[in-house]
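According to this note's numbering, the stretch in the sequence shown is residues 89 to 432, in order.
Every residue, glycine too, gets a C-beta built ideally from N, C-alpha and C.
These figures come from a predicted structure and were not determined experimentally.
This report refers to the structure that appears directly beneath it.
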Amino acid sequence: MGQLGTKIPSASSRAVSPGGSECPSNGAPRTPATLPPAVSVRGLTKSYHAGITGCSARVEALRGIDLDVHPGECLGLLGPPAAGKSTFLLCLAGMLRPDAGSVAWFGRSADVGGRPPGIAYVPHRAVHFAFMTVREVLDYHTMLREIPVDDRQGAVDEALESSGLAAAALAPVSALPRSFAPRLCLAQALVGRPRMLLLDETLSGLDPVTRRELSVVLRALSTSGVTLIIAAPELDVLEPLAHRVAIIVEGRISTVVDAALLRRSRSLELRVATPALARRIFGSRVAEVAWDRHLLRLPLEGTTPEAILARCQSSGIRVETSRVVMTESSATSDQDRNDPWARD
Numbered sequence: 089m090g091q092l093g094t095k096i097p098s099a100s101s102r103a104v105s106p107g108g109s110e111c112p113s114n115g116a117p118r119t120p121a122t123l124p125p126a127v128s129v130r131g132l133t134k135s136y137h138a139g140i141t142g143c144s145a146r147v148e149a150l151r152g153i154d155l156d157v158h159p160g161e162c163l164g165l166l167g168p169p170a171a172g173k174s175t176f177l178l179c180l181a182g183m184l185r186p187d188a189g190s191v192a193w194f195g196r197s198a199d200v201g202g203r204p205p206g207i208a209y210v211p212h213r214a215v216h217f218a219f220m221t222v223r224e225v226l227d228y229h230t231m232l233r234e235i236p237v238d239d240r241q242g243a244v245d246e247a248l249e250s251s252g253l254a255a256a257a258l259a260p261v262s263a264l265p266r267s268f269a270p271r272l273c274l275a276q277a278l279v280g281r282p283r284m285l286l287l288d289e290t291l292s293g294l295d296p297v298t299r300r301e302l303s304v305v306l307r308a309l310s311t312s313g314v315t316l317i318i319a320a321p322e323l324d325v326l327e328p329l330a331h332r333v334a335i336i337v338e339g340r341i342s343t344v345v346d347a348a349l350l351r352r353s354r355s356l357e358l359r360v361a362t363p364a365l366a367r368r369i370f371g372s373r374v375a376e377v378a379w380d381r382h383l384l385r386l387p388l389e390g391t392t393p394e395a396i397l398a399r400c401q402s403s404g405i406r407v408e409t410s411r412v413v414m415t416e417s418s419a420t421s422d423q424d425r426n427d428p429w430a431r432d
């Protein structure tokens, strides 16, 4: 079938979402103060029956969430399994009714007229008929979303190009590699030309190449004004995309922080066989752990763990173990930030 490319949707080919705006060069959305939030949540709670016959006990999935997301923003929702991420996104998508609290989309509450159009939930796994071709799956979704007949072919073509599935348009879904599933999930959402995408661990568990290509597509969508909320259990998935990260634990938002702060507070801890060579290659970026000369730390500001490990391999540095750790400070010089190897 060959290697599929990824086409970045241009701003001219996509209408900017209501309330959306272009992003400045630093990636943060530029939102006029007069515009309402893309989504505003107050006091959201949701519980489920415990599932035991004859027992009235309930499990609290959401325990009073307050959150505002700006138009055109990419918000990361970071939390461990069973933290409430999926339940929260399903409530935002209007697919679950919360027990209490309120949700408003672009200034319109559910009490006024329900969820407005243009909000797409993107699951971890695609829902489709395996005997269909990729194009037939997307054609079917244009009917489900009540897209006018004259606009359907254009919507499908745009979704195929944006998701990198144009070369596989006539292939049966059952013949696609497993790594293409998130592309199909995204393409199904894009046929409706959404103004808000809710991605429920869609980028988790992917190979680095696929994740990077989908991140390029999502970054372009955010730049064009589409609001993104991306749930993931690990920060590495959110790092290339998120402007802010909301940390959810046991059904509560514990904190919302600028993603850049999280990036600056992380380091890659390496145990190397040749620490002298590593210090010579990485220079002042290396922070030694005093009690073990073979254990080194390199700040991740402006780079990625993959880039550092690749530099180690190309320089002949044997890495015995590696892990990402949180650090109190990772200040680096301007010269270090501009090192060519430190760029992804």
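Asked, Found
"Quick check on DSSP: helix, strand or coil for residue 288?", "strand"
"With the cut-off set at 8 Å, would you say residue 87 and residue 332 are in Cβ contact?", "Nothing can be reported for residue 87, as the shown portion of the chain is limited to 89 through 432."
"Cβ of residue 357 within 8 Å of Cβ of residue 410?", "yes"
"Flag this pair as touching only if the region 263-276 and the region 300-312 have three or more C-beta atom pairs under 8 Å; answer yes or no.", "yes"
"Could you tell me the distance, in whole angstroms, from the CA atom of residue 312 to the CA atom of residue 382?", "47 Å"
"If you pair each beta-carbon of the region 316-329 with each one of the region 280-288, do three or more pairs fall below 8 Å?", "yes"
"Quick one: does residue 270 have its CB under 8 Å from some CB of chain B?", "The structure shown contains no chain B, having only a single protein chain."
"With 16 as the cutoff for other CB atoms within 10 Å, does residue 432 come out buried or exposed?", "Any reading at residue 432 must be qualified, since the residue scores a pLDDT of 35, below 50, and its modelled position is unreliable; no value is offered."
"Quick one: what's got a C-beta closer than 6 Å to residue 240's C-beta in the same chain, skipping five residues either side?", "230"
"Tell me whether the beta-carbon of residue 280 lies closer than 8 Å to the beta-carbon of residue 235.", "yes"
"Going straight from the alpha carbon of residue 143 to that of residue 137, what length do you get?", "9 Å"
"Use the C-beta contact count for residue 178: other C-beta atoms within 10 angstroms, 16 or more gives buried, fewer gives exposed.", "buried"
"Pair every Cβ in the region 294-301 with every Cβ in the region 147-165, then say whether three or more of these pairs are closer than 8 Å.", "no"
"With 16 other CB atoms within 10 Å as the buried threshold, where does residue 341 fall?", "buried"
"Tell me, which residues are paired with residue 166 by DSSP?", "320, 335"
"Which residues does DSSP pair with residue 192 in a beta bridge?", "128, 197"
"Quick one: complete alpha helix (DSSP H) runs, 4+ long, within the region 212-288?", "222-232, 237-251, 269-278"
"Write down the C-beta distance between residue 216 and residue 225 rounded to the nearest angstrom, noting that I regard them as a contact closer than 8 Å.", "5 Å"
"Exposed or buried, what is residue 131 when buried is set at 16 or more other beta-carbons lying within 10 Å of its beta-carbon?", "exposed"
"Looking only at its own chain, which residues have a Cβ that is under 6 Å from the Cβ of residue 247, when we skip the five neighbours before and after it?", "226, 275, 278, 279"
"Taking only the alpha-carbon atoms, compute the straight-line gap between residue 129 and residue 372 and give it to the nearest angstrom.", "45 Å"
"Please work out which residues of its chain come closer than 6 Å, Cβ to Cβ, to residue 156, disregarding the five sequence neighbours upstream and downstream, and give them in chain order.", "125, 128"
"Where does the unbroken alpha helix (DSSP H) through residue 393 begin, and where does it stop?", "393-403"
"What residue range does the beta strand (DSSP E) around residue 208 cover?", "207-210"
"Is the Cβ-Cβ distance between residue 163 and residue 334 less than 8 Å?", "yes"
"Return yes when the Cβ of residue 407 is within less than 8 Å of the Cβ of residue 374, no when it is not.", "no"
"Closest by CA to residue 389, which one among 181, 362, 400, 324?", "324"
"Sorted by chain position, which residues of the same chain lie with C-beta nearer than 7 Å to residue 414's C-beta, five sequence neighbours on each side aside?", "353, 354"
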